[in-house]
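In the numbering used here, the protein residues as written are 297 to 685.
Positions of the beta carbon are idealized from the N, C-alpha and C atoms, including for glycine.
It should be emphasised that the depicted structure is a prediction, and the values quoted were computed from it without experimental measurement.
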């Protein structure tokens, strides 16, 4: 009976066999689950998660401005077409107060931190400018937003100013008075442009509309104004040219739209700067001008939060490209002399308004040097003309 194993040994063998079967079955189930999960993840990467009625109904479009602002106007056109293209219910539009978009941008940032509801934002470029200039109201970082679609419209500077620096201009103390809404408002690119040309800009506040700025220019209160390149530009230029005021330059890196055949546009500011200050321009300030000029020309930008899943970003950008190519939106933009950008063009345009840290610091240093001087000049009493001897 020597070939019989002890009872304890047989029991160990049965337990070993049972454990082996359990390990095998557990491993097989685990491999099957991992394979299924990997396949689903691959599908999500390619086509995105399937939209459910619960998730899609929470989509909210925060409009950084009231219904009367350019963002509000574009929201009424974009929201229904984007929802239709995405195949989901209409967006929940949330209009906010203010014209510069800071309130709406702050709300968007707070919603993303405190709520799990999906939201997007339609914001003007002035909200980006407020962040760049260090406005104390700003509590968001627009550099983290993901642009989907942009609507832009550059501006033109008009006045009676000699852009070429003569010896008399260099030795003199004459300033270039510029009509602005506020010193850090949408006219900031014009102020920085004149400073880069060493023409000593001096903002004259309180002129927030083109008509008010034109009245100040024709009455001799200011030397230069900034006009949007909208549908009324041709008529305004004809009126000003009849009184001796000429277009000086465009506040844009490149012309966003072709000029009409019978309308001759002035050069862009980088062309003027290269011609007048070929070697003496500061290092970072021209890039700062590019950033704020791009932001100032941004009428509306549709953006998503930074942590939006890549598949959702891809779906939104595809929907935005489809909507931007529709004839109805193209006609709306053409009637206002605006340009709708989507896809790679939209991303590149938005990136020009997001300068690196050195450029941002240079802009804030420039403002820190000039804002006190501008404030003291604005509060100084006007000088009386000298009495005849």
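According to DSSP, is residue i helix, strand or coil?
| i | result |
| --- | --- |
| residue 652 | coil |
| residue 597 | strand |
| residue 565 | helix |
| residue 469 | coil |
| residue 608 | helix |
| residue 647 | helix |
| residue 432 | coil |
| residue 460 | coil |
| residue 613 | helix |
| residue 559 | coil |
| residue 396 | coil |
| residue 669 | helix |
Quick check on residue i: buried or exposed, where buried means 16 or more other Cβ atoms within 10 Å of its Cβ?
| i | result |
| --- | --- |
| residue 532 | buried |
| residue 668 | exposed |
| residue 595 | buried |
| residue 393 | exposed |
| residue 547 | buried |
| residue 473 | buried |
| residue 482 | buried |
| residue 578 | exposed |
| residue 567 | exposed |
| residue 450 | buried |
| residue 479 | buried |
| residue 320 | With a pLDDT of 44 at residue 320, under the threshold of 50, the predicted position of this residue should be treated as unreliable, and no value is reported. |
| residue 550 | exposed |
| residue 328 | Here residue 328 scores only 42 on pLDDT, less than 50, and its place in the model is too uncertain to base an answer on. |
Which one of the options has the shortest CA to CA distance from residue i?
| i | options | result |
| --- | --- | --- |
| residue 374 | 661, 565, 597 | 597 |
| residue 524 | 441, 485, 494 | 485 |
| residue 447 | 653, 619, 666, 672 | 619 |
| residue 503 | 371, 520, 617 | 520 |
| residue 366 | 383, 517, 390, 397 | 397 |
| residue 610 | 358, 420, 443, 400 | 443 |
| residue 360 | 655, 381, 418 | 418 |
| residue 646 | 564, 621, 537, 422 | 422 |
| residue 591 | 428, 640, 356 | 428 |
| residue 383 | 401, 355, 642 | 355 |
Let's see if you can read the secondary structure: which residues bound the beta strand (DSSP E) around residue i?
| i | result |
| --- | --- |
| residue 382 | No beta strand (DSSP E) holds residue 382; the alpha helix (DSSP H) holding it covers 366-382. |
| residue 446 | 442-448 |
| residue 455 | 451-455 |
| residue 545 | 542-546 |
| residue 638 | 635-638 |
| residue 362 | Note, residue 362: premise wrong, no beta strand (DSSP E); not H, not E. |
| residue 520 | 520-524 |
What does DSSP give as the partner residue(s) for residue i in the beta ladder?
| i | result |
| --- | --- |
| residue 388 | 356 |
| residue 475 | 500 |
| residue 416 | 357 |
For residue i, report the span of its alpha helix (DSSP H) as first-last.
| i | result |
| --- | --- |
| residue 582 | 581-592 |
| residue 492 | 484-492 |
| residue 626 | 623-631 |
| residue 481 | Where residue 481 is concerned, there is no enclosing alpha helix (DSSP H), given that its DSSP letter is neither H nor E. |
| residue 515 | Per DSSP, residue 515 belongs to no alpha helix (DSSP H) and is neither H nor E. |
| residue 529 | 529-537 |
| residue 422 | 421-428 |
Are there any heavy atoms of the ligand COA lying less than 7 Å away from the beta-carbon of residue i, as far as the coordinates show?
| i | result |
| --- | --- |
| residue 644 | Among the components of this structure there are no ligands whatsoever, and the ligand COA is therefore not found. |
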